[in-house]
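**Student:** Pasting a structure here, questions to come.
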Amino acid sequence: MTRRLSSPRGLAALALPAIVLVVLPVVAIVWRTPWSGFWASISSDASRTAVWLSLRTSLVTTALALVFGSPLAWLLAHSRFRGRSLLRALCILPMVLPPVVGGVALLFAFGRRGLVGGLLDDWFGIQLAFSETAAVMAQFFVAAPFFVVVMEAAFEQLDPRLVGTARTFGAGPWQALLRVTLPLVAPSLAAGLVLTWARALGEFGATITFAGNTAGRTQTIPLAVYSALESGGDSALALSMLMVGVSVIVLVALRGRWVGALRRSGA
Amino acid sequence: MSIAMTCMIRRGFFTLDVDLAVGDGSVLVVTGENGSGKTTTLDLVAGLVACGEGRIEIDGVAVDDSSMGRFVQPEHRNVATVFQGGGLFPHLSVADNVTFGRGRALRGGADYDRVVEEFDLGSLLSRRPGELSGGQRQRVSLARAFLSPSRVLLLDEPTTFLDTDSRDAVRELMSRNFATYPGVVVLVTHDDAEATMFATHTARVEVDAARTRARLQVRDDRVAG
Chain A
1 MTRRLSSPRG LAALALPAIV LVVLPVVAIV WRTPWSGFWA SISSDASRTA VWLSLRTSLV
61 TTALALVFGS PLAWLLAHSR FRGRSLLRAL CILPMVLPPV VGGVALLFAF GRRGLVGGLL
121 DDWFGIQLAF SETAAVMAQF FVAAPFFVVV MEAAFEQLDP RLVGTARTFG AGPWQALLRV
181 TLPLVAPSLA AGLVLTWARA LGEFGATITF AGNTAGRTQT IPLAVYSALE SGGDSALALS
241 MLMVGVSVIV LVALRGRWVG ALRRSGA
Chain B
268 MSIAMTCMIR RGFFTLDVDL AVGDGSVLVV TGENGSGKTT TLDLVAGLVA CGEGRIEIDG
328 VAVDDSSMGR FVQPEHRNVA TVFQGGGLFP HLSVADNVTF GRGRALRGGA DYDRVVEEFD
388 LGSLLSRRPG ELSGGQRQRV SLARAFLSPS RVLLLDEPTT FLDTDSRDAV RELMSRNFAT
448 YPGVVVLVTH DDAEATMFAT HTARVEVDAA RTRARLQVRD DRVAG
């Protein structure tokens with residue numbers, strides 16, 4: 001007889017299919033990756049172009065999320081205005097919306113015959129769709145809500161008394177924001193940025209719909225994987241393996257090693 | 268130095284009326300049940316919330332006046348606060364907490380040295396608030412408040428969550444510093460002993476039976492409201 005509190009018998013067996021379905025595919029990628037030709041696949045012209053494009057667009061997206069997403073999160077957390085709940089719901093809708101639908105939505109907003117896109121074309125001759133800018137916009141649409149949600153929670157959990165105390169001891173509103181609020185939400189900020197970047201890096205559906213699949217312009221890593229798979233090239237596996245590696249690193253970071261280190265160093 | 272306020276503020280279905288006037292060197296001890304508006308009263312004086320209707324004067328200068336549309340921001344009111352739990356910044360060292368808002372210039376000055384010694388902070392200066400006991404945190408919070416060149420000192424239950432020994436130590440520090448503080452002290456507490464210990468004026472927030480209206484009234488005849 002085991003000397004411990006009993007747990008439901010057979011529960012582990014029921015979990016097995018889930019484990020097989022979730023873990024096995026990733027194991028398969030690692031297993032089948034042609035390691036001898038890995039570097040050659042990754043550094044082929046087509047792959048390199050996709051990797052650089054992905055890095056560029058995902059980092060720009062993350063920066064834009066930081067600059068414009070933080071104020072939005074602050075507004076949602078702190079100001080009381082009519083329609084705030086509706087605005088919040090609309091802002092996090094992309095998190096549950098199928099990315100392809102996001103792409104369609106972007107097309108009908110900023111495409112050449114879209115709500116705003118038509119005017120941009122008529123007045124300034126600017127065409128956003130199917131450009132690198134469109135790839136960034138697609139990534140922003142899909143990934144920025146993650147940052148907003150993380151930051152809104154961080155702002156909301158912050159003790160408002162601390163900001164009040166800072167103000168009574170002579171700090172103006174901006175000084176209180178920079179010296180008290182920001183340092184205290186820094187761990188969430190780091191986590192939000194990593195999460196947003198990872199989501200932007202993996203974006204596929206909205207990008208292919210709104211930005212297309214042009215090598216060197218809008219063909220990011222996920223799109224390159226898709227194209228390579230169709231043409232039967234080796235680089236599909238190698239690029240997939242690369243993304244698995246990046247995702248593992250992100251996961252480790254989010255598990256608190258880096259983010260926690262940031263917090264300890266008082267950043 | 269004085270506070271004079273006649274102020275009404277609504278919070279949902281609850282209305283708080285504050286009518287108080289206290290002068291030079293006063294220590295006003297405010298008691299009352301939970302949720303009656305004691306903390307809100309401090310927030311009104313500090314400028315963290317505005318009067319719905321009414322006027323607040325500090326040293327005869329209006330800092331909040333609903334009829335004139337005047338509202339002075341907290342950083343310009345010369346108010347020092349000791350909020351519940353100490354209100355210390357968790358990401359800053361004790362030294363940075365104590366000199367917050369007045370910069371490092373203050374450090375090394377005579378006032379700073381005196382306060383560090385009196386509040387026994389010497390061994391704590393490089394620590395973060397998370398590494399301090401409740402009593403130590405409250406000492407840091409008080410030190411910061413007394414070091415700040417303020418006209419009004421607001422304290423919100425500074426001894427409530429302390430064990431008996433640290434409570435006595437903190438009371439001793441308050442007692443000594445209240446005596447020399449030039450401005451007005453407003454102390455919110457649950458403890459009637461503190462009223463007898465410190466108060467030059469006492470007031471209780473009275474809540475009506477329906478719990479929709481609370482009233483705080485103190486009149487010091489020396490101050491014209």
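Top to bottom, those sequences are chains A and B. Residue numbers for the first sequence follow my numbering, so the first one is 1 and each next one is one higher. Residue numbers for the second sequence follow my numbering, so the first one is 268 and each next one is one higher. Cβ coordinates follow ideal geometry from the N, Cα and C atoms, glycine included. Predicted model only: the values in this text are computed from it and were never measured.
Against A/R161, what residues of chain B qualify as contacts under a CB-to-CB distance less than 7 Å, listed in chain order?
**Tutor:** F350 and G354
**Student:** Can you list, in chain order, the residues of its chain with a C-beta nearer than 7 Å to that of A/T62? Leave out the 5 residues immediately preceding and following it.
**Tutor:** L193, T196, W197 and A200
**Student:** In whole angstroms, what separates the C-alpha of B/V472 from that of B/L454?
**Tutor:** 13 Å
**Student:** Note down, in chain order, each residue of its chain lying with its Cβ closer than 7 Å to the Cβ of A/D44, except the 5 sequence neighbours on either side.
**Tutor:** The residue asked about is misnamed: residue 44 of chain A is Ser in this sequence, not Asp. Result list for A/S44: S235, in chain order.
**Student:** Secondary structure at A/L254, three-state DSSP: helix, strand or coil?
**Tutor:** helix
**Student:** In whole angstroms, what is the alpha-carbon distance linking B/A491 and B/C274?
**Tutor:** The predicted model places B/A491 with a pLDDT of 47, which falls under 50 and marks its position as unreliable; any figure quoted below should be read in that light. Cα-Cα distance, rounded: 15 Å.
**Student:** Taking B/T456 as part of the beta strand (DSSP E), name the residues at either end of that continuous run.
**Tutor:** Premise fails: B/T456 is in no beta strand (DSSP E) and is neither H nor E.
**Student:** Could you pull the DSSP bridge partners for B/R482 from this structure?
**Tutor:** B/D284 and B/E473
**Student:** At what residue ranges does the stretch 113 to 159 of chain A contain a whole run of the alpha helix (DSSP H), taking only runs of 4 or more?
**Tutor:** 117 to 124 and 132 to 157
**Student:** Can you pull the chain A neighbours of B/E342, defined as C-beta to C-beta under 9 Å?
**Tutor:** A166, R167, T168, F169, G170, A171, G172, P173, Q175 and A176
**Student:** For the stretch 180 to 192 of chain A, which residues have a CB atom closer than 9 Å to at least one CB atom of chain B, in sequence order?
**Tutor:** V180, P183, L184 and A186
**Student:** Indicate whether at least one CB of chain A lies closer than 7 Å to the CB of B/F367.
**Tutor:** yes
**Student:** On a CA-only basis, which of A/A238, A/M95 and A/M137 is nearest A/G117? Give me that one, please.
**Tutor:** A/M137
**Student:** Would you mind stating whether A/A191 and A/L254 have Cβ atoms separated by less than 7 Å?
**Tutor:** yes
**Student:** Should A/G232 go down as buried or exposed, given a rule of 16 or more other Cβ atoms within 10 Å for buried?
**Tutor:** Exposed is the call here.
**Student:** Mind listing the chain A neighbours of B/S303? Cutoff is C-beta to C-beta under 9 Å, in chain order.
**Tutor:** Residues of chain A passing the Cβ test: none, with the nearest at roughly 18 Å.
**Student:** Residue ranges of each alpha helix (DSSP H) run of no fewer than 4 residues wholly in the stretch 339 to 423 of chain B, ordered along the chain?
**Tutor:** 361 to 365, 377 to 385 and 401 to 414
**Student:** Around the C-beta of A/A12, are 16 or more other C-beta atoms found within 10 angstroms, so that it is buried, or is it exposed?
**Tutor:** exposed
**Student:** Under 7 Å between C-beta atoms, does B/V346 make it to chain A?
**Tutor:** yes
**Student:** Is it the case that the Cβ atoms of A/F141 and A/A206 are separated by a distance below 7 Å?
**Tutor:** yes
**Student:** Just confirm the distance between the C-beta atoms of B/L287 and B/A470, as a whole number of angstroms; I'd bet it's less than 8 Å.
**Tutor:** The pair is a contact, with the Cβ atoms about 7 Å apart (cut-off 8 Å).
**Student:** Check the Cβ-Cβ distances between B/L414 and every residue of chain A, and say whether any is below 7 Å.
**Tutor:** no
**Student:** Out of curiosity, what's the CA-to-CA distance linking A/L251 and A/V185?
**Tutor:** 20 Å
**Student:** Would you identify the three-state DSSP class for A/G103, choosing helix, strand or coil?
**Tutor:** helix
**Student:** Is the stretch 144 to 154 of chain A in contact with the stretch 391 to 398 of chain B, if contact means three or more CB pairs nearer than 8 Å?
**Tutor:** no
**Student:** Look at A/A211 and A/A134 and say whether their C-beta atoms are less than 7 Å apart.
**Tutor:** For the pair A/A211 and A/A134, the CB atoms are nearer than the 7 Å cut-off.
**Student:** Mind checking if B/L388 is an interface residue toward chain A, Cβ cutoff 7 Å exclusive?
**Tutor:** no
**Student:** How many Å lie between A/G10 and A/V27 at the Cα?
**Tutor:** One Cα belongs to A/G10, the other to A/V27, and the distance between them is close to 25 Å.
**Student:** Three Cβ pairs or more, each shorter than 8 Å: is that satisfied between the stretch 447 to 464 of chain B and the stretch 288 to 298 of chain B?
**Tutor:** Because the criterion of three Cβ pairs below 8 Å is met, the stretch 447 to 464 of chain B and the stretch 288 to 298 of chain B touch.
**Student:** Strictly under 7 Å for the Cβ-Cβ distance: is A/G172 near chain D by that measure?
**Tutor:** Going by chain labels, chain D is absent from the structure shown, which instead holds the protein chains A and B.
**Student:** Suppose you measure from the CA of A/A46 to the CA of A/Q219; what does that come to, to the nearest Å?
**Tutor:** 9 Å
**Student:** Given a limit of 9 Å on CB to CB distance, which residues of the stretch 312 to 332 of chain B reach chain A?
**Tutor:** A313, G314 and L315
**Student:** Going by CA-CA distance only, name the one from A/A18, A/I249, A/L237 and A/M243 that's closest to A/F38.
**Tutor:** A/L237
**Student:** For a quick check, are the C-beta atoms of B/S333 and B/E320 less than 7 Å apart?
**Tutor:** yes
**Student:** Does the stretch 84 to 100 of chain A touch the stretch 172 to 183 of chain A, meaning 3 or more C-beta pairs lie closer than 8 Å?
**Tutor:** no
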